[in-house]
Amino acid sequence: MEKIKKFVKTEVKICVAVFIVLLIFFFVFLFANLDFSLFYLSLEIVTFCLLIYLFICWVTFKKKENLQEQVNQLLIENRQLKNTIDIERKDLEEYFLLWVHQIKTPITVSDLILQKEKNPYTCQLKEQMFYIREYTNMAINYMKLKDRQADMDIAEVEIDKLLKSLLRKYSGLFIDKNISLDYQPIDTKIITDARWATILIEQILANALKYTNSGKITLSFDRDKNALKVKDTGIGIKSEDINKIFDRGYSGFNGRINEKSSGIGLYLVKKIAILLNIKIEVCSTVNVGSEFIICFPKQSYNFVR
Numbered sequence: 001m002e003k004i005k006k007f008v009k010t011e012v013k014i015c016v017a018v019f020i021v022l023l024i025f026f027f028v029f030l031f032a033n034l035d036f037s038l039f040y041l042s043l044e045i046v047t048f049c050l051l052i053y054l055f056i057c058w059v060t061f062k063k064k065e066n067l068q069e070q071v072n073q074l075l076i077e078n079r080q081l082k083n084t085i086d087i088e089r090k091d092l093e094e095y096f097l098l099w100v101h102q103i104k105t106p107i108t109v110s111d112l113i114l115q116k117e118k119n120p121y122t123c124q125l126k127e128q129m130f131y132i133r134e135y136t137n138m139a140i141n142y143m144k145l146k147d148r149q150a151d152m153d154i155a156e157v158e159i160d161k162l163l164k165s166l167l168r169k170y171s172g173l174f175i176d177k178n179i180s181l182d183y184q185p186i187d188t189k190i191i192t193d194a195r196w197a198t199i200l201i202e203q204i205l206a207n208a209l210k211y212t213n214s215g216k217i218t219l220s221f222d223r224d225k226n227a228l229k230v231k232d233t234g235i236g237i238k239s240e241d242i243n244k245i246f247d248r249g250y251s252g253f254n255g256r257i258n259e260k261s262s263g264i265g266l267y268l269v270k271k272i273a274i275l276l277n278i279k280i281e282v283c284s285t286v287n288v289g290s291e292f293i294i295c296f297p298k299q300s301y302n303f304v305r
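So for the sequence shown, full-length UniProt numbering puts the first residue at 1; every next one is plus one.
Here is the structure:
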């Protein structure tokens with residue numbers, strides 16, 4: 001019954017229009033004293049055509065209504081499925097974050113044990129434990145990127161403070177791998193979020209240390225480009241890999257050979273760079289080294305929201 005009422009409402013205008021036309025013809029026949037048999041014949045023809053038209057419209061209307069009902073049902077199911085997926089994803093994220101935080105305890109205990117033990121493998125184990133800790137932090141940061149707006153604090157930051165905190169953190173790795181550091185105070189400020197910028201620089205510095213077995217790492221600042229440069233004398237990146245290194249899960253030839261790459265670190269760098277309106281340039285030569293140029297915005301700070 002509801003469908004019929006709705007159909008009548010949609011076709012009432014055409015019915016009224018036909019009725020008015022027939023009424024006009026009726027008065028024409030009446031005042032002109034014409035033969036009403038022709039009028040009745042015309043009335044029958046028009047009524048028959050109108051019924052056929054209404055029947056076709058009714059069939060079409062039913063099809064549209066059925067299709068709309070199916071669409072509405074699919075929309076409801078889609079919303080329900082989306083809500084279910086969101087709940088499951090939230091549960092998974094909460095479990096993942098809980099697991100990552102819990103695993104920090106055995107990592108800390110292992111570090112304490114390694115500090116007490118002295119044997120030929122201690123340095124190697126300490127390095128691997130360091131990377132395990134950094135991978136857990138990377139995972140946490142990766143999850144937090146999804147809720148980045150609540151964690152943004154754009155301000156003027158001394159770049160030396162960012163670098164010195166990282167250099168203190170990685171000093172042991174520099175010593176254990178016998179890699180020298182070429183760094184002079186930069187004495188300049190940038191406009192950015194200190195925490196996320198630190199994570200970005202750390203990923204690039206960690207990669208430089210990871211893939212450098214001898215030589216040095218150079219930190220410098222190009223004032224004209226407002227860019228921090230991180231240069232190493234590591235194994236380098238193949239030219240065909242450079243355009244792919246920021247893709248999620250891509251480890252490249254070097255990562256597969258050394259079994260050190262998760263394919264997440266530089267993807268995290270790319271996401272943070274987009275967030276902070278930072279441009280990353282890469283220059284590299286295999287068996288010579290790589291240089292990552294982190295270009296901070298100069299005047300326009302259109303950060304992603």
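All residues carry an ideal CB built from backbone N, CA and C; glycine is no exception.
Cβ neighbours of residue i in the same chain (closer than 7 Å, five flanking residues each side left out)
| i | result |
| --- | --- |
| residue 162 | 194, 197, 198, 201 |
| residue 29 | 36, 39 |
| residue 127 | 173, 176 |
| residue 257 | For residue 257, the pLDDT reaches just 47, beneath the cut-off of 50, and the residue's location in the model is therefore unreliable, although a value from the coordinates is still provided. The answer is none, since no qualifying residue turns up. |
| residue 236 | 284, 285, 286, 287, 288, 289, 290 |
| residue 129 | 107, 110, 111, 114 |
| residue 86 | none |
| residue 272 | 196, 199, 200 |
| residue 57 | 11 |
| residue 142 | 264, 268 |
| residue 138 | 264, 265, 268 |
| residue 220 | 229 |
| residue 125 | 114 |
| residue 186 | 159, 160, 221 |
Collapsed DSSP secondary structure at residue i in the structure displayed
| i | result |
| --- | --- |
| residue 211 | coil |
| residue 239 | coil |
| residue 290 | strand |
| residue 104 | helix |
| residue 10 | helix |
| residue 233 | coil |
| residue 222 | strand |
| residue 188 | coil |
| residue 117 | coil |
| residue 193 | strand |
| residue 24 | helix |
| residue 276 | coil |
| residue 217 | strand |
| residue 34 | coil |
Where residue i falls, given that 16 or more other Cβ within 10 Å makes a residue buried
| i | result |
| --- | --- |
| residue 40 | exposed |
| residue 27 | exposed |
| residue 175 | exposed |
| residue 280 | buried |
| residue 249 | exposed |
| residue 172 | exposed |
| residue 10 | exposed |
| residue 340 | Since the displayed the chain opens at 1 and closes at 305, residue 340 lies outside it and no answer follows. |
| residue 76 | exposed |
| residue 32 | exposed |
| residue 4 | exposed |
| residue 208 | buried |
| residue 278 | buried |
| residue 210 | buried |
| residue 170 | buried |
| residue 98 | exposed |
| residue 16 | exposed |
| residue 321 | Residue 321 is absent from the structure shown; the chain starts at 1 and stops at 305. |
| residue 192 | buried |
| residue 105 | exposed |
| residue 188 | exposed |
Close-in-space but distant-in-sequence residues of the same chain around residue i (CB under 6 Å, 5 per side omitted)
| i | result |
| --- | --- |
| residue 306 | What the structure shows of the chain is the stretch from 1 to 305, and residue 306 is not part of that stretch, so it cannot be assessed. |
| residue 300 | Note that residue 300 has pLDDT 49, beneath the 50 cutoff, so the model's placement of it is unreliable and the number below is only indicative. Contacts found: none. |
| residue 18 | 50 |
| residue 150 | Note that residue 150 scores a pLDDT of 48, beneath 50, so its modelled location is shaky and nothing firm can be said. |
Contacts around residue i, its chain only, beta-carbon distance under 8 Å, and the 5 residues preceding and following it disregarded
| i | result |
| --- | --- |
| residue 216 | 179, 180, 181, 182, 232, 233 |
| residue 225 | 293, 295 |
| residue 123 | 176 |
| residue 245 | 237, 252, 266, 282 |
| residue 53 | 14 |
| residue 96 | 139, 143 |
Nearest-angstrom beta carbon gap, residue j and residue i [assumed within contact, 8 Å]
| i | j | result |
| --- | --- | --- |
| residue 112 | residue 166 | Residue 112 to residue 166, Cβ: 23 Å. No contact. |
| residue 269 | residue 203 | 5 Å |
| residue 100 | residue 140 | 6 Å |
| residue 59 | residue 22 | That pair is no contact at about 25 Å. |
| residue 103 | residue 136 | 6 Å |
| residue 25 | residue 42 | 7 Å |
Unbroken stretches of the alpha helix (DSSP H), 4 residues or longer, contained in the stretch 122–185 = Qualifying alpha helix (DSSP H) stretches, in chain order: 122–144, 159–176.
Residue ranges of each alpha helix (DSSP H) run of no fewer than 4 residues wholly in the stretch 47–80, ordered along the chain?
-> Those alpha helix (DSSP H) runs which fall completely within the stretch 47–80 and span 4+ residues do not exist here.
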